[in-house]
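In the UniProt record's numbering, the protein residues as written are 1 to 105. Even glycine gets a Cβ: it sits at the ideal position worked out from N, Cα and C.
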């Protein structure tokens with residue numbers, strides 16, 4: 001969730017900032033943690049995280065037609081208190097543009 005904050009500086013310059021929640025964990029760090037402990041991630045968490053990742057990707061692919069193009073463990077944030085996964089880093093994302101049927105070869 002992001003909140004837009006607008007303010008003015010000392011010279012009347014307007015600044016716009018996004019205030020976003022802090023999510024300190026990534027799937028990468030969770031994998032690294034369990035690996036260093038010589039343990040496996042509990043299967044229930046693997047299933048829960050996998051389900052959320054695919055649901056999120058399915059949503060952005062269908063509703064707005066966005067393709068992330070940079071999905072990796074470092075770009076999957078986890079709120080470990082409620083086990084919620086969030087996809088981040090849309091810098092490489094593209095919007096799908098459908099070609100008209102029958103055009104081209």
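Test item: CB-CB of residue i and residue j under 7 Å
i, j, result
"residue 70", "residue 92", "yes"
"residue 96", "residue 56", "no"
"residue 59", "residue 94", "no"
"residue 25", "residue 78", "yes"
"residue 41", "residue 34", "yes"
Cβ neighbour criterion (16 or more within 10 Å) applied to residue i
i, result
"residue 27", "buried"
"residue 76", "buried"
Nearest-angstrom Cβ-Cβ length linking residue i and residue j, presumed shorter than 8 Å
i, j, result
"residue 19", "residue 49", "Actually they do not touch by this definition, with Cβ atoms about 26 Å apart."
"residue 13", "residue 73", "Their Cβ separation, rounded to whole angstroms, is 39 Å, which puts residue 13 and residue 73 out of contact at 8 Å."
(message) For a minimum of 3 consecutive residues, which ranges assigned as the beta strand (DSSP E) are wholly contained in the UniProt domain "Protein kinase" (1 to 105)?
(response) For the UniProt domain "Protein kinase" (1 to 105), the continuous beta strand (DSSP E) assignments of 3+ residues that do not extend past its boundaries occur at 2 to 8, 14 to 20, 76 to 79, 84 to 87, in sequence order.
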